[in-house]
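The opening position of the sequence shown corresponds to residue 1 in UniProt numbering, with each subsequent residue numbered one higher.
Where is the CB? At the ideal position from N, CA and C, for every residue including glycine.
A short write-up of the structure that comes next.
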Amino acid sequence: MADTEKDILRGGQFLVKETNCEDVFTPEDFSEEQTMMKESVMEFNDREIIPHKPRFEAKDYALTEEVMRKAGDMGFLSVAVPEAYGGMGMGFVSTVLTCDYISSGTGSFSTAFGAHTGIGTMPITLYGTEEQKQKYVPKLASGEWFGAYCLTEPGAGSDANSGKTTATLSDDGKSYKINGQKMWISNAGFCSLMIVFARIEGDKNITGFIVEYNGENPNGIVLGEEEHKLGIRASSTRQVFFNDTVVPVENMLAGRGEGFKIAMNALNVGRIKLAAACLDSQRRILTTAVNYAKERKQFKTPIADFGAIKVKLAEMAASAYAGESATYRAAKNIEDRIAMREAAGNSHQEAELKGVEEYAIECSILKVAVSEDVQNAADEGIQIFGGMGFSEETPMESAWRDARIARIYEGTNEINRMLAVGMLVKKAMKGHVDLLGPASKVQEELMGIPSFETPDYSELFSEEKQMIAKLKKTFLMVAGGAVQKFGPQLEEHQQLLIAAADILIEIYMAESAILRTEKNVKRTSEAEQSAQIAMAKLYLYHAVDIVEEKGKESIISFAEGDEQRMLLMGLKRFTKYANYPDIVDLRIEIAEKVKAENKYCF
């Protein structure tokens with residue numbers, strides 16, 4: 001792909017620029033090396049995690065630590081770490097892939113793995129000095145040490161910068177004393193290193209520190225008891241108290257007052273990895289559900305043959321497929337952006353930081369969409385199992401409990417919805433994404449006479465791609481109208497931001513599923529991709545419904561009179577199919593494919 005084409009793929013620009021299917025990366029594009037990594041990770045999951053599910057559910061924290069060490073021995077903790085610091089130095093797609101396939105055995109291990117490889121290690125590789133990286137990263141990459149991330153406090157959750165933990169410089173200027181309390185700290189029970197955020201004097205922003213922890217010489221660090229949680233039961237989660245904890249000045253991470261920036265950028269990486277961590281869970285939930293549905297008979301018929309169950313199987317498959325499509329699309333965009341920056345002379349550190357930051361909007365979109373889809377899948381999984389689904393004897397009950405945390409950590413889904421739209425508006429103001437031009441064209445179109453010609457929709461996905469283009473116009477119409485009405489005060493109108501975010505999310509997810517399928521049809525055939533075509537169409541159908549509902553909610557909240565009538569007419573125009581898909585037939589086709597293969601098979 002030429003650099004000029006890559007320039008088109010800036011974060012958020014999917015909304016205003018058409019993406020060719022050839023320019024998206026799909027799971028079918030995995031290299032030989034990536035395929036080998038995927039198989040290796042799946043084998044590890046099947047051998048070391050899934051057979052021990054009951055022990056994880058019984059809060060066997062020692063088992064979580066033991067399996068983490070084994071993951072370190074296999075190199076899985078070092079995939080994203082540069083070779084200079086003892087890592088594999090693989091690309092961003094491989095990082096996401098590893099996180100995807102290692103995370104479905106249990107949420108307990110998935111959380112420990114994600115916290116260590118992401119927010120426990122990444123802040124040092126991205127912000128650390130050369131000395132800090134040489135000293136700490138090899139130990140974290142190998143699994144000799146494990147990392148924890150101490151940001152949240154009793155009074156500082158979503159408002160991360162409001163933390164009360166303090167760092168006071170010693171009289172000799174050689175160390176800081178940290179005092180305060182952190183809570184919900186994953187891996188606290190077995191970590192050797194903590195990334196701790198504290199405020200120096202009356203600074204506006206918090207500062208990050210690398211704090212070593214040794215239980216035999218705790219240095220004023222006291223751990224609370226293990227928390228009793230709804231899910232992720234064998235993930236060590238404790239409060240951490242700092243009492244005059246001495247940290248050498250050279251362990252400050254980045255500069256004074258730069259902790260908030262570190263926290264936000266670490267979370268961007270965490271968000272796309274969290275989306276990835278929910279993917280194989282969806283695949284596994286569907287596979288488990290279809291196996292049960294084929295065996296379970298009622299009225300002398302396997303329940304998988306009932307239309308009510310086919311609906312569930314098809315919807316679960318379509319959501320998983322869209323999630324995969326969007327996650328790997330964004331992962332490759334990030335990888336390409338990192339490579340471009342490195343080619344332009346940036347250090348790997350700078351390139352990775354800027355590469356991920358560029359796609360912060362997509363990272364928030366993915367975090368929200370996939371975390372909600374995995375919860376829905378687990379919920380439907382329980383329903384397919386019926387009464388047995390509610391029992392701890394079947395895997396659906398723990399899948400449902402483990403899925404619930406995904407909508408809370410790495411920034412709640414509410415925060416991420418508002419962030420996605422807020423970041424897009426900021427990018428537009430900086431001139432990185434031209435929203436104003438396209439929004440003005442939509443305004444002109446609304447004032448003009450609509451065309452009553454019926455386009456030729458004979459080519460595959462021609463109508464679907466037209467629908468996607470119209471959904472993008474809907475977002476521009478709604479967001480443009482809201483910005484005109486409220487200007488800089490828009491961020492105070494949270495319900496409006498959340499509704500706009502839902503439109504944005506559906507556009508990205510539906511478009512990703514369509515582009516992936518179109519790309520694969522071109523290299524195989526429509527017949528071979530028939531079920532995938534059905535999933536892409538089914539997902540888009542629901543997306544259109546959501547966009548219509550959220551668009552209406554938005555318009556009637558900020559417009560009135562003639563303007564409201566004009567916008568509602570525009571909404572009707574932009575969400576109307578010429579030829580509605582037969583969603584009953586689509587669901588039947590998807591469900592029959594899944595039944596025939598006895599698993600999620602895409």
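Quiz item: Smallest Cα separation from Leu247: which of Ala344, Thr168 and Asp562?
Solution: The identity of residue 247 in the sequence shown is Val, whereas the question assumes Leu. Ranking Ala344, Thr168 and Asp562 by Cα distance to Val247 puts Thr168 first.
Quiz item: By the 10 Å Cβ neighbour count, where 16 or more other Cβ atoms means buried, how is Tyr85 classified, buried or exposed?
Solution: buried
Quiz item: Could you give the uninterrupted runs of the alpha helix (DSSP H) lying entirely in the segment 347-402, keeping only those of 4 residues or more?
Solution: 348-358 and 360-385
Quiz item: If you draw a straight line from the C-alpha of Ile232 to the C-alpha of Ser108, how long is it?
Solution: 4 Å
Quiz item: To which residues does DSSP link Gly208 through a beta bridge?
Solution: Gly208 is bridged to Phe197 and Leu253.
Exercise. On a CA-only basis, which of Ile449, Lys473, Ile415 and Glu511 is nearest Gly437? Give me that one, please.
Key: Of the candidates Ile449, Lys473, Ile415 and Glu511, the residue whose Cα lies closest to the Cα of Gly437 is Lys473.
Quiz item: Taking all protein chains shown into account, do 16 or more other C-beta atoms lie within 10 angstroms of the C-beta of His228, making it buried, or fewer, making it exposed?
Solution: exposed
Quiz item: First and last residue of the alpha helix (DSSP H) that includes Gln532?
Solution: Ser530 to Phe558 is the span of the alpha helix (DSSP H), which, as asked, contains Gln532.
Quiz item: Counting contacts by CB-CB distance shorter than 8 Å, is Cys278 in contact with chain C?
Solution: Absent here is chain C; the protein component of the structure consists of one chain.
Practice problem: Just confirm the distance between the C-beta atoms of Gly143 and Gly72, as a whole number of angstroms; I'd bet it's less than 8 Å. | Solution: 2 Å
Quiz item: To the nearest angstrom, how far is it from the Cα of Arg516 to the Cα of Tyr508?
Solution: 12 Å
Practice problem: Mind checking which residues open and close the alpha helix (DSSP H) that includes Arg516? | Solution: Here the alpha helix (DSSP H) through Arg516 covers Gln494 to Arg523.
Self-check item: Alpha-carbon spacing of Ala2 relative to Thr125, whole angstroms
Solution: Residue confidence for Ala2 is low, a pLDDT of 40 falling below 50, so the modelled location carries little weight; the figure read from the coordinates is stated next. Between Ala2 and Thr125, the C-alpha separation is close to 29 Å.
Practice problem: Tell me whether Glu589 sits in a helix, a strand or coil according to DSSP, three-state version. | Solution: helix
Practice problem: Kindly confirm or deny that the segment 346-357 and the segment 21-29 touch, where touching means at least three C-beta pairs closer than 8 Å. | Solution: no
Practice problem: With distances taken Cα to Cα, identify the nearest neighbour of residue 619 among Glu153, Met535 and Lys135. | Solution: There is no way to answer for residue 619, as the model of the chain reaches only from 1 to 602.
Practice problem: With a threshold of 16 other CB atoms inside 10 Å of the CB of Phe558, please say whether the residue is buried or exposed. | Solution: Classification for Phe558: buried.
Quiz item: Tyr331 and Val96 look like a contact to me (Cβ under 8 Å); what is the Cβ gap, rounded to whole Å?
Solution: Checking the displayed sequence, the identity of residue 331 turns out to be Ala instead of Tyr. Confirmed, Cβ separation roughly 4 Å.
Quiz item: Quick one: is Glu5 buried, meaning 16 or more other Cβ sit within 10 Å of its Cβ, or exposed?
Solution: With a pLDDT of only 43 at Glu5, under the threshold of 50, the placement of this residue in the model should not be trusted; the figure read from the coordinates follows. Looking at its Cβ environment, which holds fewer than 16 other Cβ atoms inside 10 Å, Glu5 is exposed.
Exercise. Going by DSSP, name the residue or residues bridged to Thr237.
Key: Ser186
Exercise. Report the option in Gly11, Asp171 and Ile498 whose CA atom is closest to the CA atom of Phe475.
Key: Looking at Gly11, Asp171 and Ile498, the one whose alpha-carbon comes closest to that of Phe475 is Ile498.
Quiz item: What are the uninterrupted segments assigned as beta strand (DSSP E) that are 3 or more residues long and contained completely in the segment 423-500, given in chain order?
Solution: At a cut-off of 3 residues, not a single continuous stretch assigned as beta strand (DSSP E) sits fully inside the segment 423-500.
Quiz item: When burial is assigned at 16 or more other CB atoms within 10 Å of the CB, is Arg47 buried or exposed?
Solution: Burial call: exposed.
Quiz item: So Glu226 and Gly189 are in contact, right, with Cβ under 8 Å, and what is the actual spacing, rounded?
Solution: 7 Å
Practice problem: Reducing DSSP to helix, strand and coil, say where Ile408 ends up. | Solution: coil
Quiz item: Excluding sequence positions up to five away, which residues of its chain have a Cβ less than 6 Å from the Cβ of Gly323?
Solution: Leu279, Val370 and Asp373
Quiz item: For Gln13, which of Glu526, Tyr149 and Glu362 has the nearest alpha-carbon?
Solution: Glu362
Quiz item: First and last residue of the alpha helix (DSSP H) that includes Thr64?
Solution: For Thr64, the enclosing alpha helix (DSSP H) covers residues Tyr61 to Asp73.
Exercise. Could you pull the start and end residues of the alpha helix (DSSP H) that Tyr127 belongs to?
Key: Met122 to Tyr127
Quiz item: Under a three-way DSSP split, which group does Ala148 fall into?
Solution: strand
Quiz item: Rounded to a whole number of angstroms, what is the C-alpha to C-alpha distance between Leu490 and Val478?
Solution: In a straight line, the C-alpha of Leu490 is about 12 Å away from that of Val478.
Exercise. Whole angstroms is fine: what's the gap from Tyr600's alpha carbon to Ser451's?
Key: 42 Å
Quiz item: From Lys519, Glu511, Lys552 and Glu549, pick the residue whose C-alpha is nearest to that of Lys537; which is it?
Solution: Checking every option, the nearest Cα to that of Lys537 belongs to Glu511.
Quiz prompt | Run of the beta strand (DSSP E) containing Ala167, from where it starts to where it stops | solution = Thr166 to Leu169
Exercise. Can you tell me which of the three DSSP states Val176 falls into?
Key: Just to set this straight, residue 176 is Tyr in the shown sequence, not Val. Strand at Tyr176.
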